[in-house]
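In order, the protein sequence lines correspond to chains A and B. The working numbering applies: residue 11 is where the first sequence begins, and numbers increase by one. The working numbering applies: residue -19 is where the second sequence begins, and numbers increase by one. Have a look at the structure below before the remarks.
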Amino acid sequence: MSKTYFDETHCAIGHPKSTFMQWMLTIDHKRIGIMYAAVMFVFFFVAVFTAFAMRLELFAPGGQYMDGDTFNQAFTLHGVIMIFLFIIPGIPAVFGNIVMPLMIGAKDVSFPRLNWFTFWLYIAGCCIALASLFIGEGVADTGWTFYAPYSMNTGTNVIMALVAAFVLGFASILTGLNFLVTIHRLRAPGMTFFKMPLFVWGIYATAWIQLLATPVVGITLVLAILEKYFGIGIFDPAKGGDPVLFQHLFWIYSHPAVYLMILPAFGIMSEIIPTFSRKEVFGYRTIALSSASIAGIGYLVWGHHLYTSGMSDIAKTVFSFLTFFVAIPTGVKFYDWVATMYQGKIVLSTPMIWALGTIITFAIGGITGITITMIGMDVHLQDTYYTVAHFHYAILGGVVFLMFAGMHYWFPLITGKMYNETKAKIAFYLNFIGFNLLWFPMFIAGYYGMPRRYFDYLPEFEIYHQISFIGAVIFISGLIYMFWVFFKGWTKGEATTPNPWNATTLEWHLPTSPPPLDNHSKVPYVDFDPYEYKHGEPVVKFNYETMQRID
Amino acid sequence: MGHEYVPEIAIDRDGNEHEVQGWQGDFYGGKLGFWLFMLTEVMMFGAMFLALAYYNTLHPQDFLDASASLNRLLGGTNTVILLISALTMGLGLLRMRAGDVKGAKLMIWATMILAVAFLVIKGFEWTAEYHHGIFLMHDKLLPESTLPFGQKLFFGLYFSMTGLHGFHIIIGIGLMIWLLKRINAGKVSTEHHILHWNIALYWDIVHLIWVFVFPYYYMIGAGGATGGH
């Protein structure tokens, strides 16, 4: 059997003998992606259990297990880990690294050593975030948004949390930069932009957001650090600053960041739907261009986070209008996916079920987003559980669910093994039911006025929190079960062929599974569209010796 | 195992050959990457200019007064020094491309000396301001001082932005020392000078930012009654 990327690697420095050091120093994009995934899911579970602790506290009114200050620190920790350590870097760092170069027929990303450096920068950011737990007065209690002036005045360790977010932002910028150059330079001969797989389009649009938006939040965090350290007063009204300016600068980044999370996830959906419908994707160009336009419009909508912070009515109206506008390219994508499935030979494998489930959950997240785009509704629902439910439906039910879908989809590619299909489906249903039970009651509670970030509440909200708690138990069991299925699949699963799904994109046309070190043994000439099916069978076939088409 | 790139050929259905672009020795890709990185610098400083412009509209008179008290002579001298250094850096790149490695190294040294001169003058400026009671966490910039809010904000942003710019100069000097080492080691040469090219680009962005910083901080108050101190 020929050697795969598990057996050999390129290293940043020298050629160490030990396997451990080979992993630490590897510049192979596939290995780096796996390491990102390993670290990220550790943090993911830390944040999940922080959230579970909060659910436990909220099971009944009154204080049970933690006091208000601890609760504030808990939701900040949950938010900071989930947003900055997991979801924002998530899909680009994991699947962007592992799959994107394979999809465009590249041997690696454009700057493999930078990629290696970026990974360790990310680890450094994680370490700083962790250190903030133990140093000084404990982890920040500001919420993940660090709103001034409270963050300027609290005694907790806000500076370390800000530094961590800055370092992680820097890693995000470098990842985006690397991918942009890779996609521009290293596509296989013949692959024009409109012959790229749609996941690559998602990564491409994302990379531009990473590159252009992250520096703005970076400098905002630096200004906040300088202000806290040197007392400059840029955001603190007691010193003449303007806290709303902080919100503007923060959301100029952080709203595009929402699209930064969802665009690569949409890319995964656009891969899975045609593959398991055995049909050419409907409206390839509109899906590709809607990614670009979501990224573009995403820059112009940050003001909808500030409806209640003090803004002129005209500005509010403009931001509201622009926010509605994002729904158009998003809707285009959804219609294209549904149209792709129409009259397709749908195969209900686990990735497809995850994708279909996500269509439901993300649609709920998106539609509730439209209600709070309306200024009047938003004033009512601002900072209630309705908002909490909305962004969990959008981010968890959209981004993370699609990430799980992608994990199932690309699992055989990455490991060369197959997980147990039945068990994986059971895990999906546990997750899906638990998820809806957990967050749907929050829409109702929030509509009736349950505010977010409170560790105590009126007795009338008790029933919603208790249903949520049951949902949380089911959901977490589902998550653990899913990872156990993955683990079993990797260690004990049966070996698979390079293309178990009958997919058409280039990452499935590899000589072996898992891929060899240098990806495609020979780079093919791409004179075909990414999703070509005829009577439910892939059209394009290769001779894997010469990588020439034989169909 | 080495990373040497063996150019690969992809063959299409008609038997035509197409060269595959590898990541090794991709001069164009290296340039593109660095241009994109410089774009992030522009976005970063752009956000600071946004904050500056915002507070300027809130406190126009305070900004003019505060700006009038800055030392335009030293700031102007620094601007000239920085512009000359951009010239020497550019000439160095031209020398390198023309094959004159020795001349290129000379020009890099000249740029470094000018950069150090810039920092020294900046140091004099900050010291003078310190002695006038204007410095971070010091005297007039403390929360309890009676200096108008607008002026406090002006000086707060002034120290942030010139400080950050100075930090970029220091990084630039470090990069140039590294570049000289690479040239001496033969890693950067007439044929392979992407590193030189990118550091020259970096230096251009650094002085470009200063060209906006200087008028905004030093010149808007130039019409005021008080000169420099």
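Even for Gly, the Cβ is constructed at its ideal location relative to N, Cα and C. Because the structure is a prediction, the values reported are computed rather than measured.
Review point. Do K205 (chain A) and V533 (chain A) have their C-beta atoms closer together than 9 Å?
Key: Taking the first sequence and counting its residues from 1, one reaches residue 205 (chain A) at position 195. Taking the first sequence and counting its residues from 1, one reaches residue 533 (chain A) at position 523. In this structure, V533 (chain A) does not lie closer than 9 Å to K205 (chain A) by Cβ.
Check your understanding: Looking at T368 (chain A) and F292 (chain A), is the spacing between their C-beta atoms short of 9 Å?
Key -> For the purposes of this step, residue 292 (chain A) is taken as residue 282 along the first sequence, with counting starting at 1. For the purposes of this step, residue 368 (chain A) is taken as residue 358 along the first sequence, with counting starting at 1. The answer is no: Cβ separation not under 9 Å.
Check your understanding: Contact between the region 245 to 255 of chain A and the region 127 to 134 of chain B: three or more CB pairs below 8 Å?
Key -> By the C-beta criterion, the region 245 to 255 of chain A is judged to be in contact with the region 127 to 134 of chain B, since at least 3 inter-stretch pairs fall below 8 Å.
Review point. Are the beta-carbon atoms of V90 (chain A) and I272 (chain A) separated by less than 9 Å?
Key: For this step, residue 90 (chain A) is matched to residue 80 along the first sequence. For this step, residue 272 (chain A) is matched to residue 262 along the first sequence. Cβ distance not < 9 Å, so V90 (chain A) and I272 (chain A) don't count as in contact.
Check your understanding: A(-10) (chain B) lies in the alpha helix (DSSP H); which residues open and close that run?
Key -> Residue -10 (chain B) sits at position 10 when you count from the first residue of the second sequence. Annotation: A(-10) (chain B) is outside any alpha helix (DSSP H); the continuous beta strand (DSSP E) that includes it extends over -12 to -9.
Check your understanding: So which residues of chain A does H(-2) (chain B) contact, with C-beta pairs closer than 8 Å?
Key -> Here residue -2 (chain B) corresponds to residue number 18 of the second sequence, with the count starting at 1. Simply P199, G200, Y535.
Review point. Is A505 (chain A) helix, strand or coil when you go by DSSP?
Key: Position 495 of the first sequence, counting from 1, holds the residue named residue 505 (chain A). DSSP places A505 (chain A) in strand when its eight states are reduced to three.
Exercise for review: Reducing DSSP to helix, strand and coil, say where P510 (chain A) ends up.
Suggested key: Position 500 of the first sequence, counting from 1, holds the residue named residue 510 (chain A). DSSP places P510 (chain A) in the coil class of the three-state scheme, outside both helix and strand.
Check your understanding: Do W500 (chain A) and P508 (chain A) have their CB atoms nearer than 9 Å?
Key -> Taking the first sequence and counting its residues from 1, one reaches residue 500 (chain A) at position 490. Taking the first sequence and counting its residues from 1, one reaches residue 508 (chain A) at position 498. In this structure, P508 (chain A) does not lie closer than 9 Å to W500 (chain A) by Cβ.
Exercise for review: Hey, could you find the ends of the beta strand (DSSP E) E(-1) (chain B) is sitting in?
Suggested key: Along the second sequence, one-based indexing puts residue -1 (chain B) at 19. Per DSSP, E(-1) (chain B) is one residue of the beta strand (DSSP E) stretching across -3 to 0.
Review point. Tell me which same chain residues have a C-beta within less than 7 Å of the C-beta of M24 (chain B), skipping the five on either side of it?
Key: Within the second sequence, numbered from 1, the residue matching residue 24 (chain B) stands at position 44. Answer for M24 (chain B): no residue qualifies.
Review point. Who pairs with D119 (chain B) in a beta bridge, going by DSSP?
Key: Here residue 119 (chain B) corresponds to residue number 139 of the second sequence, with the count starting at 1. Bridge partners of D119 (chain B): B:I114.
Practice item. State the CB to CB distance for the pair L50 (chain B) and Y198 (chain B), rounded to an integer number of angstroms; the pair is presumed to be in contact (CB under 8 Å). Key: In the second sequence, counting from the first residue as 1, residue 50 (chain B) sits at position 70. In the second sequence, counting from the first residue as 1, residue 198 (chain B) sits at position 218. Rounded, the Cβ-Cβ distance is 5 Å, consistent with contact.
Review point. For the candidate residues A:D151, A:I97, A:F96, A:L68, whose alpha-carbon lies nearest to that of L87 (chain A)?
Key: Mapped onto the first sequence, residue 87 (chain A) falls at position 77. L87 (chain A) has its Cα closest to that of A:D151, out of A:D151, A:I97, A:F96, A:L68.
Review point. Does any C-beta atom of chain B lie closer than 9 Å to the C-beta of T152 (chain A)?
Key: Residue 152 (chain A) sits at position 142 when you count from the first residue of the first sequence. So no, T152 (chain A) is outside the interface.
Exercise for review: Inspect the beta-carbon positions of K343 (chain A) and M387 (chain A) and report whether they are closer than 9 Å.
Suggested key: Taking the first residue of the first sequence as position 1, residue 343 (chain A) is located at position 333. Taking the first residue of the first sequence as position 1, residue 387 (chain A) is located at position 377. A distance of 9 Å or more separates the beta carbons of K343 (chain A) and M387 (chain A).
Check your understanding: Does G243 (chain A) have its Cβ less than 9 Å from a Cβ in chain B?
Key -> Numbered from its first residue, the first sequence carries residue 243 (chain A) at position 233. Contact of G243 (chain A) with chain B is assigned, a C-beta pair being separated by under 9 Å.
Review point. Would L122 (chain B) count as contacting chain A if we go by Cβ distances under 9 Å?
Key: As a position in the second sequence, residue 122 (chain B) is number 142, starting the count at 1. So, interface residue.
Check your understanding: Alpha carbon to alpha carbon, how far is Y396 (chain A) from F51 (chain A)?
Key -> In the first sequence, the residue the question calls residue 396 (chain A) occupies position 386. In the first sequence, the residue the question calls residue 51 (chain A) occupies position 41. About 27 Å.
Point to revise | Proximal chain A residues relative to Q1 (chain B), where beta-carbon distance stays under 7 Å | key: For the purposes of this step, residue 1 (chain B) is identified with residue 21 of the second sequence, where counting begins at 1. Neighbours of Q1 (chain B) in chain A, taken as residues at a C-beta separation under 7 Å, are given in chain order as R195, L196.
Review point. Would you call the CB atoms of G135 (chain A) and A175 (chain A) closer than 9 Å?
Key: Here residue 135 (chain A) corresponds to residue number 125 of the first sequence, with the count starting at 1. Here residue 175 (chain A) corresponds to residue number 165 of the first sequence, with the count starting at 1. Result yes, Cβ atoms of G135 (chain A) and A175 (chain A) sit closer than 9 Å.
Check your understanding: Residue range of the alpha helix (DSSP H) that H145 (chain B) falls in?
Key -> Here residue 145 (chain B) refers to the residue found at position 165 when the second sequence is read from its first residue. For H145 (chain B), the uninterrupted alpha helix (DSSP H) run begins and ends at 129 to 164, by DSSP.
**Study point:** contact_flag[the region 91 to 111 of chain B, the region 56 to 74 of chain B] where n(CB pairs < 8 Å) is 3 or more
**Key:** Yes, the region 91 to 111 of chain B is in contact with the region 56 to 74 of chain B.
Review point. Between H400 (chain A) and E547 (chain A), what straight-line distance do the alpha-carbon atoms span, to the nearest angstrom?
Key: Reading the first sequence from its first residue, position 390 is the one you call residue 400 (chain A). Reading the first sequence from its first residue, position 537 is the one you call residue 547 (chain A). Each residue's alpha carbon lies about 39 Å from the other.
Practice item. Give the residues from the region 133 to 146 of chain B that approach chain A closer than 8 Å (Cβ to any Cβ), ordered along the chain. Key: Going along the region 133 to 146 of chain B in chain order, one finds L133, G136, L137, F139, S140, L144 with a Cβ nearer than 8 Å to chain A.
**Study point:** Cβ-based contacts, 9 Å cut-off: residues of the region 289 to 323 of chain A near chain B
**Key:** Answer set for the region 289 to 323 of chain A: empty.
Review point. Are the C-beta atoms of E105 (chain B) and some chain A residue less than 9 Å apart?
Key: Within the second sequence, residue 105 (chain B) is the residue found at index 125, counting from 1. Residue contact check for E105 (chain B) against chain A: no CB pair falls below 9 Å.
Point to revise | Residues of the region 12 to 43 of chain A whose Cβ lies closer than 8 Å to any Cβ of chain B, in chain order | key: Those residues of the region 12 to 43 of chain A that come within reach of chain B (Cβ to Cβ, closer than 8 Å) are E18, H20, H25.
Check your understanding: Between L221 (chain A) and the rest of its own chain, which residues show a CB-CB distance below 7 Å, the 5 nearest in sequence each way excluded?
Key -> As a first step, residue 221 (chain A) must be located in the first sequence, where it is residue number 211. Within the same chain, L221 (chain A) has close Cβ partners I183, G186, L187, L190.
Review point. Hey, how far is the Cα of P521 (chain A) from the Cα of A434 (chain A)?
Key: Within the first sequence, the letter at position 511 stands for residue 521 (chain A). Within the first sequence, the letter at position 424 stands for residue 434 (chain A). Going by C-alpha positions, P521 (chain A) is about 27 Å away from A434 (chain A).
Practice item. For T556 (chain A), decide whether its Cβ has a neighbour in chain B, counting only Cβ atoms nearer than 9 Å. Key: Counting from one through the first sequence, the residue named residue 556 (chain A) turns up at place 546. True, the Cβ-Cβ gap to chain B drops below 9 Å.
Exercise for review: Please say whether E472 (chain A) and P71 (chain A) have beta carbons closer to each other than 9 Å?
Suggested key: By 1-based counting over the first sequence, the position of residue 71 (chain A) is 61. By 1-based counting over the first sequence, the position of residue 472 (chain A) is 462. Yes.
Check your understanding: Which of the three DSSP states, helix, strand or coil, is assigned to N107 (chain A)?
Key -> Mapped onto the first sequence, residue 107 (chain A) falls at position 97. N107 (chain A) falls in the helix class under three-state DSSP.
Practice item. Tell me, please, whether the region 236 to 244 of chain A touches the region 320 to 329 of chain A by the rule of three or more beta-carbon pairs shorter than 8 Å. Key: No, the region 236 to 244 of chain A is not in contact with the region 320 to 329 of chain A.
Point to revise | Below-9 Å beta-carbon distance, R(-7) (chain B) vs any chain A residue | key: Residue -7 (chain B) sits at position 13 when you count from the first residue of the second sequence. For R(-7) (chain B), the answer is yes, since a Cβ of chain A falls inside 9 Å of its Cβ.
Exercise for review: Determine the direct distance from the alpha carbon of T556 (chain A) to that of I(-11) (chain B), and round the result to whole angstroms.
Suggested key: The residue labelled residue -11 (chain B) in the question sits at position 9 within the second sequence. The residue labelled residue 556 (chain A) in the question sits at position 546 within the first sequence. Going by the C-alpha atoms only, they are around 11 Å apart.
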